[in-house]
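Mapping the sequence shown onto the UniProt record's numbering, position 278 (from 1) lands on 278, and the numbers just tick up by one.
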Amino acid sequence: MTGIDFHHNFNLFFDGLELPRQNKDRTEHMALHSQRGEGFVRRFVPRFDIDVVVSDFTFRQDCSLPLVTKTAMVELNYCLHGRREITVEGAQYEFVPGSCTLQLMNEVGANFEFIGNEPYLMLGIGIPVSTFHHFMEEGGGGRSTDFTRILGQSPFRVFQETLHPAALIILQRMLGSLQNRSTRNLEIECSVLELLSMAFQSFLTDGSSGMTKLSKSDMQKIREARDIIIERMIDPPTLIELSRLIGMNDFKLKTGFKEMYGTTVFGYLRDKRLEKALLLLQQGNMNVNETSCAVGYSNSSYFSEVFREKYGINPGKLVKQFATSALLTSEQ
Numbered sequence: 001m002t003g004i005d006f007h008h009n010f011n012l013f014f015d016g017l018e019l020p021r022q023n024k025d026r027t028e029h030m031a032l033h034s035q036r037g038e039g040f041v042r043r044f045v046p047r048f049d050i051d052v053v054v055s056d057f058t059f060r061q062d063c064s065l066p067l068v069t070k071t072a073m074v075e076l077n078y079c080l081h082g083r084r085e086i087t088v089e090g091a092q093y094e095f096v097p098g099s100c101t102l103q104l105m106n107e108v109g110a111n112f113e114f115i116g117n118e119p120y121l122m123l124g125i126g127i128p129v130s131t132f133h134h135f136m137e138e139g140g141g142g143r144s145t146d147f148t149r150i151l152g153q154s155p156f157r158v159f160q161e162t163l164h165p166a167a168l169i170i171l172q173r174m175l176g177s178l179q180n181r182s183t184r185n186l187e188i189e190c191s192v193l194e195l196l197s198m199a200f201q202s203f204l205t206d207g208s209s210g211m212t213k214l215s216k217s218d219m220q221k222i223r224e225a226r227d228i229i230i231e232r233m234i235d236p237p238t239l240i241e242l243s244r245l246i247g248m249n250d251f252k253l254k255t256g257f258k259e260m261y262g263t264t265v266f267g268y269l270r271d272k273r274l275e276k277a278l279l280l281l282q283q284g285n286m287n288v289n290e291t292s293c294a295v296g297y298s299n300s301s302y303f304s305e306v307f308r309e310k311y312g313i314n315p316g317k318l319v320k321q322f323a324t325s326a327l328l329t330s331e332q
C-alpha cells in the first residue's frame, strides 16, 4: 500500500501484543502487560529508515499472534533465546536460539507462535525496500541484487543460518549499549550497518547471486579449495599446492575465489581461523595459547593482535568475560 511506511509493520506487531505504544516511529520502551507475562519490547529508531527492536519477555501461556504486513520491507532477525515459529502462506518457519534470519516480505499474512513460560530474547532490524536497494548499489551505480527479483512470484522469502561469531560480538556490544540511555544514534547505526553488511554478504552476495562469470565446474572447484583450507587450517597448503589439488591454475583460483567470497584465499583462511578461535574461547576449555595453536597460529602474541584487530577485544579479556558469565549462570 502506498503512503504507509515500513514502521507500520512493527506497529502492528506491538499492537497485537497490546503494548502501551506512544509513538508510531520513535524510540521507546514498552512493558508487556502483567496478564500476558513479564518483560518488555524496546524500540530504537536511530534514523528514519531503520527500526531496531529488542524483545525480551516471557509469556505466561502459549501465544498466537496473527499479523498482515501493509508494506514491503526487509528484516534481519537474531534469535538469542527461545524458539518461535512463523507461518506464512501455509509454510512454517522456525526461529531457534543462535540463528540469524533475513526476511524479505511484501504485503503478506503471517502468524507468530510463542511458547508459554519460555524466555525470549530477540533483536530485529527493519529497513524499507528503498534503503535495501541503496545498500545494494555498486560503485558504478548498478545494482545486481534486486528485492523484486529475489522474491520472484512469492510475497515472502527467508534466508537463515547459524549466528556468525563475529555477529555475536557485535550483538553483545549492541545490547549492552542499548541499555545505556546516553548511547548516541550514531553508535546504534554503526552496529546496525555492520550486521546488515555481514548478513547481505552471507545471504545475497557471497557467490550466490547468479551474476558470476564462473562456470559451475569452476565454482565447484573453488568451493573444494575453500573446504580444503578450512580442513587443513593448522597447516594449510600454499596457493600453488591448493591449485594443483583442485585442478585449477593459481591465477584463476585467486580471481575466482575473490569473486565468490569477496576476499583472498588466505584472507578467508584468516577469518575462519579467528571465527573458530572465538568459538573455542567461548567454550571456556582453552586458554589463549592453546587456542592460538589450535587454529594454526604458532605465535600467540601475533594471534592476539589479529584477533583484537577483527573483534575489537583482546582474547585474554574475552576469556575472563566468558568465565565470569559462566560463573554467574551457575550461581543462579
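Each residue gets a CB set at the ideal place from its N, CA and C atoms; glycine is no exception. Since this is a predicted model, take the numbers as computed values, not measurements.
- Around the Cβ of residue 66, a 10 Å sphere holds fewer than 16 other Cβ atoms; the residue is exposed.
- When the alpha-carbon of residue 261 is set against those of 202, 301, 8, the nearest one is in 202.
- DSSP places residue 223 inside the alpha helix (DSSP H), whose first and last residues are 216-231.
- Residue range 99-105 is occupied by the beta strand (DSSP E) that includes residue 103.
- Within the DSSP secondary-structure output, residue 293 pairs in no beta bridge.
- With distances taken between CA atoms, residue 184 lies nearest to 47 out of 12, 22, 36, 47.
- CA-to-CA, the gap between residue 168 and residue 275 works out to about 11 Å.
- In its chain, beyond the 5 residues on either side, 54, 78 have a beta carbon closer than 6 Å to the beta carbon of residue 123.
- Residue environment analysis places residue 68 among the exposed positions, since fewer than 16 neighbouring C-beta atoms fall within 10 angstroms of its C-beta.
- When secondary structure is reduced to three states using DSSP, residue 55 falls in the strand class.
- Across the set 111, 89, 142, the C-alpha of 89 shows the shortest separation from the C-alpha of residue 155.
- Within the segment 16-78, no run of alpha helix (DSSP H) reaches 4 residues while sitting entirely inside it.
- Assignment of residue 87 by DSSP, reduced to helix, strand and coil, places it in the strand class.
- The C-alpha of residue 189 is placed about 13 Å away from the C-alpha of residue 175.
- Here residue 43 is buried. Its C-beta has 16 or more other C-beta atoms within 10 Å.
- With respect to residue 265, residue 229 sits close: the two C-beta atoms are nearer than 8 Å.
- Fewer than three pairs of CB atoms, one per stretch, sit closer than 8 Å, so the segment 124-137 makes no contact with the segment 240-251.
- In the DSSP assignment, residue 122 is bridged to 55, 79.
- Residue environment: residue 238 is assigned as exposed (fewer than 16 neighbouring CB atoms within 10 Å of its CB, all protein chains considered).
- The alpha-carbon separation between residue 307 and residue 33 amounts to approximately 43 Å.
- Sequence-distant partners of residue 31 (beyond 5 residues in either direction) whose C-beta falls short of 6 Å from its own C-beta, in its chain, are 40.
- By alpha-carbon distance to residue 35, the top candidate from 29, 58, 101 is 58.
- For residue 108, no beta strand (DSSP E) run applies, since DSSP gives it neither H nor E.
- The alpha-carbon separation between residue 104 and residue 83 amounts to approximately 20 Å.
- Taking one beta carbon from each stretch, the segment 92-107 and the segment 141-159 have 3 or more pairs nearer than 8 Å; the two touch.
- Secondary structure at residue 181: coil, using DSSP grouped into helix, strand and coil.
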